[in-house]
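What follows is one structure encoded as structure tokens, with my remarks underneath.
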Amino acid sequence: EPEVTQTPSHQVTQMGQEVILRCVPISNHLYFYWYRQILGQKVEFLVSFYNNEISEKSEIFDDQFSVERPDGSNFTLKIRSTKLEDSAMYFCASSDMGGDRTDTQYFGPGTRLTVL
Amino acid sequence: AQTVTQSQPEMSVQEAETVTLSCTYDTSESDYYLFWYKQPPSRQMILVIRQEAYKQQNATENRFSVNFQKAAKSFSLKISDSQLGDAAMYFCAYRGQDSGYALNFGKGTSLLVTP
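Protein chains in written order, with my numbering: chain A, 121 to 236; chain B, -3 to 111.
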């Protein structure tokens, strides 16, 4: 069964450093998403991406964040200058609007980001 | 913005018994989608079940079923014949037809399954 994959599973970085989180969505999906979950809190939407551009973004997704689909398979989230409060689990998800109006989003296993 | 409320931070059920997790939401839309996701200790988000608001019939997936009450804006999850592997955080999520692609999650309910 196709699945969303994410690398790395755990990333440790120093405050102020740039990090890139990588995702490979399900191959025939057209919509891509990033969410984050601070430990003990609910999952929060960051950004959605379709047709090589951002569809929508939340207030969390400020100028420190960017997304890119550098090739036909990868979808990346970059944090330019990490802060302590960026420590969280980051989930990538993908969906295929197709003929299924439900637009179910399938999640990857997540990348745990620790900022020291 | 739509809000999703899960009023039970923790629930406990004995193996083989049935448990119901509650979820309510606030919206002015008439067409939307509702989901339950399971998050085991591995922290992976796994889709359990989904419901389209335009469908009156409650969704069912094996031991999992929902009680969707559109007028009351309620979307509870029933787990029958609970198994030890059902122990996890369960998140209710809402996606509007007109409000973009973002899933709006509740705070979750931690389900403990005892032998």
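Just so you know, even glycine gets a beta-carbon here, dropped at the ideal spot from N, CA and C.
### Query
Identify the residues that DSSP records as bridge partners of Tyr33 (chain B): which are they?
B:Leu43 and B:Phe87
### Query
What's the gap between the Cα of Leu43 (chain B) and the Cα of Thr110 (chain B)?
23 Å
#### Entry: Contact with chain B by Gly218 (chain A), beta-carbon distance below 8 Å
With a pLDDT of 45 at Gly218 (chain A), under the threshold of 50, the predicted position of this residue should be treated as unreliable, and no value is reported.
### Task
Kindly confirm or deny that the segment 64 to 78 of chain B and the segment 13 to 22 of chain B touch, where touching means at least three C-beta pairs closer than 8 Å.
yes
### Query
Are Met135 (chain A) and Leu197 (chain A) closer than 8 Å when you measure CB to CB?
no
### Query
Thinking C-alpha only, which one of A:Tyr153, A:Asn148 and A:Val132 is nearest Gly228 (chain A)?
A:Tyr153
### Query
Tell me the DSSP bridge mates of Tyr153 (chain A)?
A:Ser168 and A:Ala213
### Message
With DSSP as the reference, identify every bridge partner of Ala208 (chain A), one or two as the case may be.
### Response
A:Leu233
### Task
Along the beta strand (DSSP E) that carries Tyr21 (chain B), what are the first and last residues, could you check?
Thr20 to Asp22
### Query
Along chain B, which residues have their Cβ under 8 Å away from the Cβ of Asp182 (chain A)?
In chain order: nothing, as chain B lies at least about 16 Å away.
### Message
Check whether chain A comes within 8 Å of Lys69 (chain B), counting only Cβ atoms and requiring the distance to be less than that.
### Response
no
### Query
Just how far apart, CA to CA, sit Glu179 (chain A) and Tyr50 (chain B)?
30 Å
### Message
Distance check for Val124 (chain A) and Asp223 (chain A), CA to CA, integer angstroms please.
### Response
15 Å
### Message
With three or more beta-carbon pairs closer than 8 Å as the criterion, would you say the segment 89 to 103 of chain B touches the segment 161 to 180 of chain A?
### Response
yes
### Task
Spatial neighbours of Ser181 (chain A) within its chain, please: CB distance less than 7 Å, with the 5 preceding and 5 following residues excluded, ordered by chain position.
The question names Ser, but residue 181 (chain A) in the sequence shown is Phe. So the qualifying residues of the chain are Leu166 and Val167.
### Query
Between Thr231 (chain A) and Pro145 (chain A), which are expected to be in contact by the criterion C-beta below 8 Å, what is the C-beta distance as a whole number of angstroms?
Incorrect: roughly 14 Å between the Cβ atoms, too far for contact.
### Task
With 8 Å as the C-beta to C-beta threshold (strictly closer), list the residues of the segment 32 to 64 of chain B near chain A in chain order.
Tyr33, Ser38, Arg39, Gln40, Met41, Ile42, Leu43, Arg46 and Glu48
### Within chain A, the residues that Lys66 (chain B) reaches when beta carbons sit closer than 8 Å
The premise fails here: Lys66 (chain B) is roughly 16 Å from chain A at the closest Cβ pair, so nothing lies under 8 Å.
### Residue interval of the beta strand (DSSP E) (run including Met135 (chain A))
Counting along the chain, Met135 (chain A) falls outside any beta strand (DSSP E), and DSSP gives it neither H nor E.
### Task
To the nearest angstrom, report how far apart Ile199 (chain A) and Ser214 (chain A) are at their CA atoms.
20 Å
### Query
Given that a residue counts as buried once 16 or more other Cβ atoms are within 10 Å of its Cβ, and exposed if not, what is Gly81 (chain B)?
exposed
### Query
Any beta-carbon of chain B closer than 8 Å to the one on Phe227 (chain A)?
yes
### Task
Output yes if chain A places a C-beta closer than 8 Å to the C-beta of Leu99 (chain B); else output no.
yes
### Query
Residues in its own chain within less than 7 Å of Thr202 (chain A) by CB, not counting five upstream and five downstream?
Thr133, Met135, Gly136, Gln137, Val139 and Val235
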